[in-house]
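Single-structure report; data block below.
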Ligand SMILES: [Zn+2]
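Numbering (my numbering), first residue to last: 1498 to 1947.
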């Protein structure tokens, strides 16, 4: 790397990129990465345009804004050099990383992984492939390690997250009672048990302990269903019907604040009311007017306005007033069900499945040849050639698929109606530019298409 200084002097458009995976790891922290990048640049008198930063929850998530910016800069030819601490900051997916690094190398763009002491322009294809594969394997291993160690410490009764109100956490991550807070927890449980409402309790707490923390009614609600206050370690699980069960995850116990008996009485009441409110919320549906922008006035043929129980003509010069939603919609549903052509849609679904499988196979093949190349079983020329062929194949399939997805949005009307997917039905009718009207003869509604 003797001529690197001179080489870098010519580079004017220099960008940094830093990323964390949301996992706490000081070596990976954003400030650490930025410091490394800035120090490297300062020592060589390089001016960095900007360090793009992504802080994300998982390492395999590719929807990263900073990264997307970097890619569009690359696309526009606004990049001479990218500085990272490790190549795996750019991506932890082998296929993606290899594609990116090859693209840069082919376009004369430099990338330096400072902490790895690696420089893209000096790397062979085999080096690139092995860096990429290593990044991916490490990602998998890291995720597994993290999961296992969390499980282990949880089973040992360690409290990993912030301690719940009422407790503090000692140096061994064990819960110990915080007397002042515990007094409040007890008071909350007792008050609720004696029939006070959550809102009343909240007001009391705000009046007496406002300096301690923010008291929302949800704070109190959550407190009343935490079984951890009984001194045992349970996790709360709710199923699809919002039915709550508690599952013990460790035999380790800590000091209780609330008795088991008191807890079960209180929590079952709160859990039940949570479950009920879930259903009423579900039932209290907002108005869905399936025929909005679709139904026209039988007399003036202008689009009718949908409001609550009615479709109304809003034309002041028209004598027609309105029709009830529940009288027109069922008749229309019957009418549009007849216009289904299910056969073509189903055959499209089958085709789609076939293409998706093909795409998966291509990805597998890509992984395979990359590994072959990394262990020198494939020549550089053959490797590149194969990558190009696979890329063309997948592009062709993707084009077909996009077309299919468009058609696939066309779900049979009958299916939408039977599954009560009225919003989607409305969108589909609008997209298909369908306008309907009707006439009423002796109390019978007859639907017509315009
Ligand atoms: Zn009208």
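Beta carbons: idealized from backbone N, C-alpha and C, even for Gly. What you are looking at is a predicted structure, and each value in this text was computed from that prediction instead of being measured.
6 Å CB neighbourhood of residue i in its chain, flanking five on each side removed
i            : result
residue 1498 : No answer about residue 1498 holds up, because its pLDDT of 42 lies below 50 and its placement is not dependable.
residue 1582 : 1530, 1533, 1611, 1612
residue 1912 : none
residue 1445 : This structure leaves residue 1445 out entirely; the chain is present only between 1498 and 1947.
residue 1757 : 1727
residue 1538 : 1545
Assigned secondary structure, residue i (DSSP; H/G/I helix, E/B strand, else coil)
i            : result
residue 1608 : strand
residue 1547 : strand
residue 1590 : coil
residue 1747 : strand
residue 1566 : helix
residue 1949 : With the chain covering 1498 to 1947 only, the question about residue 1949 has no answer from this structure.
residue 1580 : strand
residue 1672 : strand
residue 1943 : strand
residue 1938 : strand
residue 1541 : coil
residue 1760 : helix
residue 1890 : helix
residue 1933 : strand
residue 1927 : helix
residue 1752 : coil
residue 1843 : Low local confidence applies: a pLDDT of 46 at residue 1843 is under 50, so the model's placement there is unreliable, with the coordinate-based value given in what follows. It is helical.
residue 1709 : coil
residue 1690 : helix
residue 1647 : helix
residue 1765 : helix
residue 1835 : coil
residue 1853 : helix
residue 1629 : helix
residue 1814 : coil
Residues near residue i by beta carbon distance below 7 Å, same chain, minus five either side
i            : result
residue 1633 : 1589, 1590, 1591
residue 1951 : No answer is possible for residue 1951: it lies beyond the span of the chain, which begins at 1498 and ends at 1947.
residue 1943 : 1935, 1936
residue 1830 : 1914
residue 1890 : 1859
residue 1728 : 1750, 1751, 1752, 1753
residue 1767 : 1718, 1721, 1722
residue 1544 : 1511
residue 1664 : 1672, 1673, 1674, 1675
Same chain, Cβ closer than 8 Å to residue i, neighbours up to 5 away in sequence not counted
i            : result
residue 1635 : 1585, 1589
residue 1622 : 1599, 1870, 1877, 1880, 1881
residue 1712 : 1699, 1702, 1703, 1706
residue 1895 : 1856
residue 1863 : 1592, 1884, 1887
residue 1807 : 1819, 1820, 1821, 1822
residue 1650 : 1657, 1670
residue 1731 : 1724, 1725, 1743, 1744, 1745, 1746
residue 1547 : 1512, 1513
Buried/exposed call for residue i, threshold 16 Cβ in 10 Å
i            : result
residue 1619 : exposed
residue 1601 : buried
residue 1734 : exposed
residue 1563 : buried
residue 1784 : exposed
residue 1941 : exposed
residue 1567 : buried
residue 1696 : exposed
residue 1929 : exposed
residue 1659 : exposed
residue 1692 : exposed
residue 1755 : buried
Beta-ladder partner(s) of residue i, from DSSP
i            : result
residue 1807 : 1804, 1821
residue 1793 : 1800
residue 1513 : 1548, 1580
residue 1732 : 1744
residue 1602 : Beta-bridge pairing links residue 1602 to no other residue.
residue 1666 : 1672
residue 1616 : 1609
Minimum Cβ-Cβ distance from residue i to chain C less than 8 Å
i            : result
residue 1650 : Among the chains in the structure shown there is no chain C, since it carries only a single protein chain.
contact_flag[the stretch 1794-1802, the stretch 1810-1818] where n(CB pairs < 8 Å) is 3 or more: yes
Cβ contact check for the stretch 1681-1689 and the stretch 1713-1721: 3 or more pairs under 8 Å: yes
The stretch 1787-1796 in contact with the stretch 1865-1882 per 3-pair CB rule at 8 Å: no
Meets three-Cβ-pair contact criterion under 8 Å: the stretch 1859-1867 and the stretch 1591-1600: yes
Three-pair Cβ contact test at 8 Å for the stretch 1608-1617 versus the stretch 1630-1645: no
Inter-stretch contact (C-beta, 8 Å, three-pair minimum) for the stretch 1648-1668 and the stretch 1746-1757: yes
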